[in-house]
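Each residue of the sequence shown is one higher than the last, beginning at 327 in our numbering.
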Amino acid sequence: MGFNIFYMKQTKTWFSEWFNTHYYHILYKHRNHEEAKVFIENLTTFLDIPKTHTILDLACGKGRHSIFLNSLGYPVIGADLSENSIEYANQFANKNLKFVVQDMRKPFAVKVDAVFNMFTSFGYFDDDNDDIQVLKNIADALPKNGVAVIDYMNVSKVVPNLVAQETIHRDGLTFEIQRSVIDGFITKQIDLTDAGKEFHFLERVKTIDLEKFKDYSVQSNLKIKHIFGDYNLSNYNKTTSDRLILILSK
327 MGFNIFYMKQ
337 TKTWFSEWFN
347 THYYHILYKH
357 RNHEEAKVFI
367 ENLTTFLDIP
377 KTHTILDLAC
387 GKGRHSIFLN
397 SLGYPVIGAD
407 LSENSIEYAN
417 QFANKNLKFV
427 VQDMRKPFAV
437 KVDAVFNMFT
447 SFGYFDDDND
457 DIQVLKNIAD
467 ALPKNGVAVI
477 DYMNVSKVVP
487 NLVAQETIHR
497 DGLTFEIQRS
507 VIDGFITKQI
517 DLTDAGKEFH
527 FLERVKTIDL
537 EKFKDYSVQS
547 NLKIKHIFGD
557 YNLSNYNKTT
567 SDRLILILSK
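Written out as structure tokens, the structure reads:
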């Protein structure tokens, strides 16, 4: 999950990581699990990953994609910066499914055969060098023929069609959302009231298009092998595709 900020209006107090993930998962609980499963099945089939190969699910959140990959027979390591998300995910751990706390900017302590970075779990950092370092860490974790998947939004479609204001009702809460593009980031300001208290949540993700990813990959010693535009692995179209899915290798 992303680098997000919450505070309570009355005190301007920064809230704990638990608070962050608590509301985050309420807001995004509608995400289509079946669509995610189809995507993962399509990916593993297309990539023809042997069931003996270990997959790193980078920025795994609470582990739902790691769990599904493991159910398909793969040894999986789920990694995320959020200690609370990893604590939650650990209840599903087994001998072939492990979870670790990991800042993706730091070198990984594991070597794996594939790295999956799913559902726009990239592009959080102000400095491009941090994003490039993430890709370098991915490359370092892979063998010569290893594969990495970066699943990102297609900013070339998202930015021109950005919904500036939206109200979402979820689990008895009302989320007021404002979106804008500021300094190269799609910024989402989320306001809500719970138990009479006002809370505010800021989410940012960088507007990385295909050309910028190509530059990142060159600097990371990774090669872009395939580019897809949706979870059915259709061809990428800059104007119409919902996703920008990159298959990379060393």
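Every residue gets a Cβ at the ideal spot worked out from N, C-alpha and C, and that includes glycine.
Expressed to the nearest angstrom, what Euclidean distance is found between the alpha-carbon atoms of residue i and residue j?
{"i": "H526", "j": "L353", "result": "13 Å"}
{"i": "G472", "j": "K532", "result": "26 Å"}
{"i": "P401", "j": "N420", "result": "10 Å"}
{"i": "N368", "j": "L395", "result": "12 Å"}
{"i": "F511", "j": "L536", "result": "15 Å"}
{"i": "T493", "j": "K377", "result": "43 Å"}
{"i": "V435", "j": "V460", "result": "What sits at residue 435 in the sequence shown is Ala, not Val. Taking the straight line joining both Cα atoms gives about 14 Å."}
{"i": "K551", "j": "G399", "result": "25 Å"}
{"i": "L499", "j": "Q515", "result": "16 Å"}
{"i": "Q504", "j": "H495", "result": "15 Å"}
{"i": "R642", "j": "T370", "result": "In the structure as shown, the chain starts at 327 and stops at 576, and residue 642 therefore has no counterpart that could be examined."}
{"i": "E502", "j": "A490", "result": "11 Å"}
Going along the chain, which residues of its own chain have a beta-carbon closer than 8 Å to the beta-carbon of residue i, five neighbours each way excluded?
{"i": "A440", "result": "L373, I375, H379, T380, I381, L382, L468, G472, V473, A474 and V475"}
{"i": "V507", "result": "V485, L488, T513 and T533"}
Can you give me the Cβ contacts of residue i inside the same chain, cut-off strictly under 6 Å, excluding the 5 residues immediately before and after it?
{"i": "E409", "result": "V427"}
{"i": "I393", "result": "F418"}
{"i": "F329", "result": "Because the pLDDT of F329 is 41, which lies under 50, any placement of that residue in the model is unreliable, and the number read from its coordinates should be weighed accordingly. Same-chain partners within the cutoff: Y450."}
Looking only at its chain, what residues have a beta carbon closer than 7 Å to the beta carbon of residue i, apart from the 5 residues adjacent to it on each side?
{"i": "A385", "result": "M327, D406, M430, N443 and S447"}
{"i": "D497", "result": "I352"}
Going by the beta-carbon positions, is the gap between residue i and residue j smaller than 8 Å?
{"i": "K576", "j": "K470", "result": "yes"}
{"i": "G387", "j": "F425", "result": "no"}
{"i": "I458", "j": "Y542", "result": "yes"}
{"i": "I553", "j": "Y562", "result": "yes"}
{"i": "K462", "j": "S546", "result": "yes"}
Open item on the list: Does the structure place the stretch 360-370 close enough to the stretch 555-569 that three or more beta carbon pairs sit under 8 Å?
Closed with: yes
Task: Every unbroken alpha helix (DSSP H) within the stretch 405-472, with a cutoff of 4 residues, ordered by chain - done: 409-415 and 454-467
Task: 3-residue-minimum beta strand (DSSP E) runs that sit fully inside the stretch 472-497, ordered along the chain - done: 473-479 and 491-496
Task: Whole runs of the alpha helix (DSSP H) within the stretch 523-554, excluding any shorter than 4 residues - done: 536-545
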